[in-house]
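**Student:** Handing you this structure, nothing more for now.
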Amino acid sequence: MTSPWPGNAQCLVNITVDFDGLSNEAGKKLLPQGIHSHGRYSAKRGVPRMLEIFARHGIHATFFVPGYDAEHFPEAVKAIHAAGHEIGAHGYLHESFDLGEEEPFYLRKSHQILTDLLGEAPVGWRNPGGGKSEQTLKVLVDLGYIYDSSEKASDWPYIPTIANTPLCGFINLPDNVSSLDDAPFYRDSLTPPSEVLEQWKLEFHMAYSEGAYFDLIVHPRMGFGSGSPARAQVLDDLIAFIKTYPGVVFQRQKDTAAWCLQTPDSWPVRRNPRTVQGVN
Ligand SMILES: [Zn+2]
Numbered sequence: 518m519t520s521p522w523p524g525n526a527q528c529l530v531n532i533t534v535d536f537d538g539l540s541n542e543a544g545k546k547l548l549p550q551g552i553h554s555h556g557r558y559s560a561k562r563g564v565p566r567m568l569e570i571f572a573r574h575g576i577h578a579t580f581f582v583p584g585y586d587a588e589h590f591p592e593a594v595k596a597i598h599a600a601g602h603e604i605g606a607h608g609y610l611h612e613s614f615d616l617g618e619e620e621p622f623y624l625r626k627s628h629q630i631l632t633d634l635l636g637e638a639p640v641g642w643r644n645p646g647g648g649k650s651e652q653t654l655k656v657l658v659d660l661g662y663i664y665d666s667s668e669k670a671s672d673w674p675y676i677p678t679i680a681n682t683p684l685c686g687f688i689n690l691p692d693n694v695s696s697l698d699d700a701p702f703y704r705d706s707l708t709p710p711s712e713v714l715e716q717w718k719l720e721f722h723m724a725y726s727e728g729a730y731f732d733l734i735v736h737p738r739m740g741f742g743s744g745s746p747a748r749a750q751v752l753d754d755l756i757a758f759i760k761t762y763p764g765v766v767f768q769r770q771k772d773t774a775a776w777c778l779q780t781p782d783s784w785p786v787r788r789n790p791r792t793v794q795g796v797n
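Per this note's numbering, residue 518 is the first one in the sequence shown, and the count goes up by one each step.
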């Protein structure tokens, strides 16, 4: 079987970073001081540390940035962009709640903030708290987005549908907020960094064994994030581990999305032997 991925790769890797600065606290109407100041760590320490790691490994990542954080830390966001990483949208106030009829307004507001700051419109979106509505994808398509990195329904890219009709020119790049996200390990189970590294190594090894797609989520903030030294070292060590495998391609998610949309016959999950045929 030939590879479904660019460059005939055995495994396609997307490293993604959810900026999650002060927006997390502002969205909950918390004063971002003291125990609620974790978000400030992203721009001050976590982002520079991660940029150094990515530069040293010669890879590019995707950073999802809430509009509020772009307003408050424009230099950090511009530095990420200038280093060649992708900036995707991630809500305005990291809305972990149902926006109802206001959702299009906030999607457009965040889109405009990032576009004005960078001179380049984002084409990817990750929802901040799990909430989506019937209108989310319609608004994103209208704004020119080509992918959503929010679905948990697969571990393989797929074309979403609206009213049973495949969405043209748009793709889901699913994320895994259970075992490939630092937040549950550091926030919920208080897993030591050394054990997180072993978990992620196994996840990558199995994804590689299946010839699959690997999408890691990290946060540069303090608290549940990976910006602090020992936790950032986990990210550093994981990338070094992945690079010991032959035939691995690291990509920004917008490049993966564009490649999937341009080569619609090469990557569908039916090519994976561990697949029930007919279920996409
Ligand atoms: Zn987030």
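Virtual Cβ for every residue (Gly too), placed ideally from N, Cα, C.
Return the Cβ separation of Y662 and V640 in integer angstroms, given the expectation that the two are a contact with Cβ distance under 8 Å.
**Tutor:** To locate residue 662, count along the sequence shown from 1; it is residue 145. To locate residue 640, count along the sequence shown from 1; it is residue 123. So it is a contact: roughly 5 Å between Cβ atoms.
**Student:** Assign E619 to buried or exposed, taking buried as 16 or more other Cβ atoms, counted over all protein chains shown, within 10 Å of its Cβ.
**Tutor:** Stepping through the sequence shown from its first residue, residue 619 is reached at position 102. Result: exposed.
**Student:** Exposed or buried, which one is K655 when buried takes at least 16 other CB atoms within 10 Å?
**Tutor:** In the sequence shown, residue 655 corresponds to position 138, counting from 1. It is exposed - the Cβ of K655 has fewer than 16 other Cβ atoms within 10 Å.
**Student:** I want to check one thing, is the minimum distance from the CB of D699 to the heavy atoms of ligand 3 below 8 Å?
**Tutor:** As for ligand 3, it is missing from this structure, which binds only ligand 1.
**Student:** Let me know if I552 comes out buried or exposed under the rule of 16 or more other beta-carbons within 10 Å of its beta-carbon.
**Tutor:** In the sequence shown, counting from the first residue as 1, residue 552 sits at position 35. Classification of I552: exposed, given that the 10 Å Cβ count is below 16.
**Student:** For A807, which residues from the same chain have a beta carbon less than 6 Å from its beta carbon, with the 5 sequence-adjacent residues on both sides left out?
**Tutor:** Because the chain in this structure spans residues 518 to 797, residue 807 falls outside the shown range and cannot be described.
**Student:** Give the range of the alpha helix (DSSP H) segment to which C777 is assigned.
**Tutor:** As a position in the sequence shown, residue 777 is number 260, starting the count at 1. Unbroken alpha helix (DSSP H) run through C777: 770 to 779.
**Student:** Which residues neighbour ligand 1 when neighbourhood means a C-beta less than 5 Å away from any of its non-hydrogen atoms? List them by chain order.
**Tutor:** In chain order, the hits are D535, D537, P645.
**Student:** Ignore the nearest five residues each way along the sequence and tell me which others in K485's own chain have a CB closer than 6 Å to its CB.
**Tutor:** In the structure displayed, the chain extends from 518 to 797; residue 485 sits before or after that span and is not available.
**Student:** In whole angstroms, what separates the C-alpha of A757 from that of G575?
**Tutor:** The sequence position of residue 757 within the sequence shown is 240, counting from 1. The sequence position of residue 575 within the sequence shown is 58, counting from 1. Between A757 and G575, the C-alpha separation is close to 11 Å.
**Student:** For T519, which residues from the same chain have a beta carbon less than 6 Å from its beta carbon, with the 5 sequence-adjacent residues on both sides left out?
**Tutor:** Within the sequence shown, the letter at position 2 stands for residue 519. So the list is empty, once near-sequence residues are dropped.
**Student:** So, is G647 buried or exposed, given that buried needs 16 or more other C-beta atoms within 10 angstroms?
**Tutor:** Stepping through the sequence shown from its first residue, residue 647 is reached at position 130. Looking at its Cβ environment, which holds fewer than 16 other Cβ atoms inside 10 Å, G647 is exposed.
**Student:** Using DSSP's beta-bridge definition, name the partner residues of T519.
**Tutor:** Sequence index remark: in the sequence shown, residue 519 carries index 2 (1-based). According to DSSP, T519 bridges with nothing at all.
**Student:** Identify, in the order they occur along the chain, each residue of the same chain with its Cβ nearer than 6 Å to the Cβ of Y762, setting aside the five sequence neighbours on each side.
**Tutor:** Translated into the one-based positions of the sequence shown, residue 762 becomes position 245. Counting only Cβ-Cβ distances below 6 Å, and skipping sequence neighbours, we find Y725.
**Student:** Kindly indicate the opening and closing residues of the beta strand (DSSP E) around D732.
**Tutor:** Within the sequence shown, residue 732 is the residue found at index 215, counting from 1. Taken as a continuous stretch (DSSP letters only), the beta strand (DSSP E) holding D732 covers 730 to 735.
**Student:** Rounded to the nearest angstrom, what separates P746 and T682 at their Cα positions?
**Tutor:** Position 229 of the sequence shown, counted from the start, is the residue given in the question as residue 746. Position 165 of the sequence shown, counted from the start, is the residue given in the question as residue 682. Taking the straight line joining both Cα atoms gives about 46 Å.
**Student:** So, are the CB atoms of S706 and N689 less than 9 Å apart?
**Tutor:** Within the sequence shown, residue 706 is the residue found at index 189, counting from 1. Within the sequence shown, residue 689 is the residue found at index 172, counting from 1. No. Outside cutoff.
**Student:** For D705, name the three-state secondary structure that DSSP assigns.
**Tutor:** Position 188 of the sequence shown, counted from the start, is the residue given in the question as residue 705. Here D705 sits in helix by DSSP.
**Student:** Between the alpha carbons of V582 and G605, how many angstroms are there, rounded?
**Tutor:** Position 65 of the sequence shown holds residue 582. Position 88 of the sequence shown holds residue 605. Rounded to the nearest angstrom, the two C-alpha atoms are 6 Å apart.
**Student:** Taking A775 as the reference, which of A593, S671, I676, D633 has the closest Cα?
**Tutor:** Locating residue 775 in the sequence shown gives position 258, counting from the first residue. Checking every option, the nearest Cα to that of A775 belongs to I676.
**Student:** Look at F721 and V713 and say whether their C-beta atoms are less than 9 Å apart.
**Tutor:** Against the sequence shown, residue 721 aligns to sequence position 204. Against the sequence shown, residue 713 aligns to sequence position 196. Not a contact, by the Cβ cut-off of 9 Å.
**Student:** For M723, count neighbouring C-beta atoms within 10 Å of its own C-beta (all shown protein chains included) and say buried if the count is 16 or more, exposed if not.
**Tutor:** As a working note, residue 723 is residue 206 in the sequence shown. Burial call: exposed.
**Student:** Please report how far the alpha carbon of A572 lies from the alpha carbon of H589, in whole angstroms.
**Tutor:** Translated into the one-based positions of the sequence shown, residue 572 becomes position 55. Translated into the one-based positions of the sequence shown, residue 589 becomes position 72. Taking the straight line joining both Cα atoms gives about 24 Å.
**Student:** Secondary structure at P468, three-state DSSP: helix, strand or coil?
**Tutor:** There is simply no residue 468 to check, as the chain begins at 518 and stops at 797 in what is shown.
**Student:** With DSSP run on the structure shown, which of helix, strand or coil describes V530?
**Tutor:** Residue 530 sits at position 13 when you count from the first residue of the sequence shown. Strand.
**Student:** Please return the same chain residues whose Cβ sits closer than 7 Å to the Cβ of L778, not counting the five positions on each side in sequence.
**Tutor:** As a position in the sequence shown, residue 778 is number 261, starting the count at 1. Counting only Cβ-Cβ distances below 7 Å, and skipping sequence neighbours, we find I663, G686, I688.
**Student:** Nearest-angstrom Cα distance between A749 and G728?
**Tutor:** Along the sequence shown, one-based indexing puts residue 749 at 232. Along the sequence shown, one-based indexing puts residue 728 at 211. Rounded to whole angstroms, A749 to G728 spans 27 Å at the Cα level.
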